[in-house]
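So the protein lines, in turn, are chains F and E.
Residues in the first sequence are numbered consecutively from 340, following the numbering used here.
Residues in the second sequence are numbered consecutively from 47, following the numbering used here.
From the three backbone atoms N, C-alpha and C, an ideal C-beta is built for every residue, glycine too.
Read the structure below first, then the notes.
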Amino acid sequence: MATLAAQLRTLFARELEVPERREPGAVSMRAVDVSVDRGQRRVLESVSLDVRVGEVLALVGPNGAGKSTLLAAMAGDQDIAAGHVELDGRPLDRWTGTDMAQRRAVLPQQHTVGFSFTSLEVVRMGRAPWVRTACRDEDADAVREAMEACDVARFAERPFAALSGGERSRVALARVFAQRTETLLLDEPTAALDLGHQEAVMSLVRERARAGTAVVVVLHDLALAAAYADTVAVLEAGALAAYGSPREVLTENLLSRVYGHPVEVIAHPRSGAQLVLPQRD
Amino acid sequence: MTATTAAPAAAPPRRRLRGGAVLAALSIALLVLALVSACVGQVPTAPMEVIGSVLHRIGLDLGPMPAHPSGEVTLWQVRFPRVALAIVVGAALACAGALLQGVFANPLAEPGVIGVSAGAAVGASAVIVTGGAFVAGPPVAAAAFIAGLITTALVYLLARSEGRTEVVTLVLTGIAINAFAGGLIAYFTFAASPAARDQIVFWQLGSLNGATWNSVAIVAPMAAVGIAVTMTMATKLDLLALGESAAAHLGVNVERVRQLAVVVVALLVASSVAFTGIILFVGLVVPHLMRMIVGPGHRLLIPASALGGAILLLAADLGARTLVPNADLPLGMLTSLVGGPFFFWLLRRTRRQQGGWA
Numbered sequence: 340m341a342t343l344a345a346q347l348r349t350l351f352a353r354e355l356e357v358p359e360r361r362e363p364g365a366v367s368m369r370a371v372d373v374s375v376d377r378g379q380r381r382v383l384e385s386v387s388l389d390v391r392v393g394e395v396l397a398l399v400g401p402n403g404a405g406k407s408t409l410l411a412a413m414a415g416d417q418d419i420a421a422g423h424v425e426l427d428g429r430p431l432d433r434w435t436g437t438d439m440a441q442r443r444a445v446l447p448q449q450h451t452v453g454f455s456f457t458s459l460e461v462v463r464m465g466r467a468p469w470v471r472t473a474c475r476d477e478d479a480d481a482v483r484e485a486m487e488a489c490d491v492a493r494f495a496e497r498p499f500a501a502l503s504g505g506e507r508s509r510v511a512l513a514r515v516f517a518q519r520t521e522t523l524l525l526d527e528p529t530a531a532l533d534l535g536h537q538e539a540v541m542s543l544v545r546e547r548a549r550a551g552t553a554v555v556v557v558l559h560d561l562a563l564a565a566a567y568a569d570t571v572a573v574l575e576a577g578a579l580a581a582y583g584s585p586r587e588v589l590t591e592n593l594l595s596r597v598y599g600h601p602v603e604v605i606a607h608p609r610s611g612a613q614l615v616l617p618q619r620d
Numbered sequence: 047m048t049a050t051t052a053a054p055a056a057a058p059p060r061r062r063l064r065g066g067a068v069l070a071a072l073s074i075a076l077l078v079l080a081l082v083s084a085c086v087g088q089v090p091t092a093p094m095e096v097i098g099s100v101l102h103r104i105g106l107d108l109g110p111m112p113a114h115p116s117g118e119v120t121l122w123q124v125r126f127p128r129v130a131l132a133i134v135v136g137a138a139l140a141c142a143g144a145l146l147q148g149v150f151a152n153p154l155a156e157p158g159v160i161g162v163s164a165g166a167a168v169g170a171s172a173v174i175v176t177g178g179a180f181v182a183g184p185p186v187a188a189a190a191f192i193a194g195l196i197t198t199a200l201v202y203l204l205a206r207s208e209g210r211t212e213v214v215t216l217v218l219t220g221i222a223i224n225a226f227a228g229g230l231i232a233y234f235t236f237a238a239s240p241a242a243r244d245q246i247v248f249w250q251l252g253s254l255n256g257a258t259w260n261s262v263a264i265v266a267p268m269a270a271v272g273i274a275v276t277m278t279m280a281t282k283l284d285l286l287a288l289g290e291s292a293a294a295h296l297g298v299n300v301e302r303v304r305q306l307a308v309v310v311v312a313l314l315v316a317s318s319v320a321f322t323g324i325i326l327f328v329g330l331v332v333p334h335l336m337r338m339i340v341g342p343g344h345r346l347l348i349p350a351s352a353l354g355g356a357i358l359l360l361a362a363d364l365g366a367r368t369l370v371p372n373a374d375l376p377l378g379m380l381t382s383l384v385g386g387p388f389f390f391w392l393l394r395r396t397r398r399q400q401g402g403w404a
């Protein structure tokens, strides 16, 4: 009866409440001893992480280490065998879909859109969680800003299906930005991008973090992680092998072991930035 | 600067205007076609006489009454119910097509192609056979609904894997369901009494012949509820185009949308199949054409498809009555002759766009 009343209220309310944004440093999401089973196999073994407002957390590790699985578990896509994920102080299963959509946005690895929706229409879909809230007044603003930031305003009227791979991933990222949530979960946002757009996207991501967003990003490129992440979590065979600042975590010993290939970590001769390179003879 | 920030985010003004204009144009076309359809037949009637007759019925003493002695009876007992049934069935089928395509995020989903129509037909023919030739309308409609519900749920379960539907799986599932339903209908035809057999065979061809106000009164509310509920799902259907998990991330309760869609599709298909039999491809052709005109957004697509479906079926029925003098061609035959090649073309096009069947 109580849930029915709550549903009716949601249905007829003209203005729904929106979550408050918090100060940098506040924990927006938390994974607590999260384990995931796929079939009989345990693919994630009691992983714990804090995601903080104002910070970029990079998930790195070799193929099959469980990066995307962990992200899916944090997004609520993946059934969890043990442990739990908290969003804004509450376990995921205590939120409704819309509540979660107002607090975190998810960028999937694959970008497909059925039918001939234009880029603009796709980005606008990111505003869906804010219908019937005061934030809908920001809709036009959020969409325009996100499209400009991701450099996709030029093909606003082109159908999504007609775009190239790189253009699609930037439109998808713009949709996620337009959602304007406190937390962003990004699964390989740089995968299909050229070098220039990789840098542009990662600077954008860091800028978002500095402006008061918590970001979790799955990355393959360790140099990108070293350059843009505040915290790096290295996954190895479903477990957390290391967790800390890039300087602490991205070491030759650890990376050589985790990737099963000798890795060199050197300082850039001019900037001193960390460079991660596989050893080649 | 203020002008740009004030721009509405829901839909670009250009398309909204165009959408309104398209809906208005479709409504006018539907009215004109309904008028033409009511004029054509063995008892000649002029358009003004049809309008006059309707006005007199609603209490306005305007316009001429039909000159032919049996004109008034023909209009109200034969043609008007038939026109009304064509509108209801066409709108229901096209709406069901748009809804199915939205839920599957796939332009090839259609009640006839994926076997839902045949499934509903099994339910209806079972009632006709067991109840004899005197069975009334409501049980037939109810049986079509229940069988349609089971079939839609079955197709949904069989054709999906890991949150998405592959075209090949969907179409192959349709073949299997259609074959199985065809076998059941064949059995019912075989086991039926001669009178019931005639009814089944005739009704399998798909026809509006024999439309009565009774049948309209049963299926019109079903179709109206179905279309109204589909309209409320429009935004969610848009989001489903992003894929199920992305839609869920944006707050769509995918499971609930899915369950509701299954029930609504069954309701819409049953309302069309119950008294007119199997009419294929309307749900495929119409939403596709409408998408070209109003774009893929479901808020416009659904009403436009409903109107377009009504127009298409009314036109097809007009053709069925007039193409061959003194013969009433089966309507399902006509839509299949047009829809089959169209489906083939759509298959080729979809395949080309996707670069093969992944």
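Check whether the Cβ atoms of residue i and residue j sit closer than 7 Å, and answer yes or no.
i: A151(E); j: G453(F); result: yes
i: G183(E); j: N260(E); result: yes
i: S458(F); j: V540(F); result: no
i: L326(E); j: S382(E); result: yes
i: L410(F); j: L524(F); result: yes
i: L314(E); j: G272(E); result: yes
i: A404(F); j: E591(F); result: no
i: I246(E); j: T258(E); result: no
i: C489(F); j: A513(F); result: yes
Using the beta-carbon count (16 or more within 10 Å), is residue i buried or exposed?
i: F390(E); result: exposed
i: F456(F); result: buried
i: Q618(F); result: exposed
i: R394(E); result: exposed
i: I264(E); result: buried
i: S207(E); result: exposed
Would you report the Cα separation of residue i and residue j, rounded to the nearest angstrom?
i: F126(E); j: L306(E); result: 33 Å
i: G229(E); j: A361(E); result: 31 Å
i: G386(E); j: A140(E); result: 16 Å
i: F499(F); j: T529(F); result: 18 Å
i: S542(F); j: G364(F); result: 20 Å
i: C85(E); j: E95(E); result: 9 Å
i: A550(F); j: G393(F); result: 7 Å
i: L69(E); j: R337(E); result: 13 Å
i: A301(F); j: I339(E); result: Because chain F in this structure spans residues 340 to 620, residue 301(F) falls outside the shown range and cannot be described.
i: M111(E); j: S99(E); result: 5 Å
i: T522(F); j: R547(F); result: 10 Å
i: Y202(E); j: S317(E); result: 20 Å
i: L534(F); j: D560(F); result: 11 Å
i: V319(E); j: T451(F); result: 34 Å
i: V162(E); j: R367(E); result: 27 Å
i: A56(E); j: G415(F); result: Low confidence applies to A56(E): its pLDDT is 44, below 50, so where it sits in the model is not reliable enough to give any reading.
i: A397(F); j: L358(E); result: 55 Å
i: P376(E); j: G252(E); result: 6 Å
i: D427(F); j: E356(F); result: 15 Å
i: M486(F); j: R397(E); result: 30 Å
i: F293(E); j: L392(E); result: Here residue 293(E) is Ala; the residue named in the question, Phe, does not match the sequence. So the alpha carbons of these two residues sit roughly 26 Å apart.
i: S385(F); j: A421(F); result: 8 Å
Could you work out which residues of chain F lie near residue i, taking near to mean beta carbons separated by less than 8 Å?
i: L285(E); result: M464, A467
i: R337(E); result: F454, S455
i: T276(E); result: None at all; the shortest Cβ gap to chain F is about 16 Å.
i: T281(E); result: A467, V470
Under 7 Å between C-beta atoms, does residue i make it to chain E?
i: L454(F); result: According to the sequence as given, residue 454(F) is Phe; it is not Leu. Yes, F454(F) lies at the interface with chain E (some Cβ there is under 7 Å from its Cβ).
i: L512(F); result: no
i: T408(F); result: no
i: A440(F); result: yes
i: T552(F); result: no
i: D476(F); result: no
i: V445(F); result: yes
i: T622(F); result: As displayed, chain F neither begins before 340 nor continues past 620, which places residue 622(F) out of reach and without an answer.
Applying a beta-carbon distance threshold of less than 7 Å, which residues of chain E neighbour residue i?
i: G436(F); result: A294, G297, V298, N299
i: T472(F); result: Neighbours of T472(F) on chain E: none; closest Cβ ~11 Å, over 7 Å.
i: D416(F); result: S291
For chain F, is any of its Cβ atoms less than 7 Å away from the one on residue i?
i: A144(E); result: no
i: A205(E); result: no
i: G289(E); result: yes
i: P349(E); result: no
i: A151(E); result: yes
Say the cut is 6 Å; is the CB of residue i nearer than that to a heavy atom of the ligand NAP?
i: A581(F); result: Within the structure as shown, the ligand NAP is missing, as the structure has no ligands at all.
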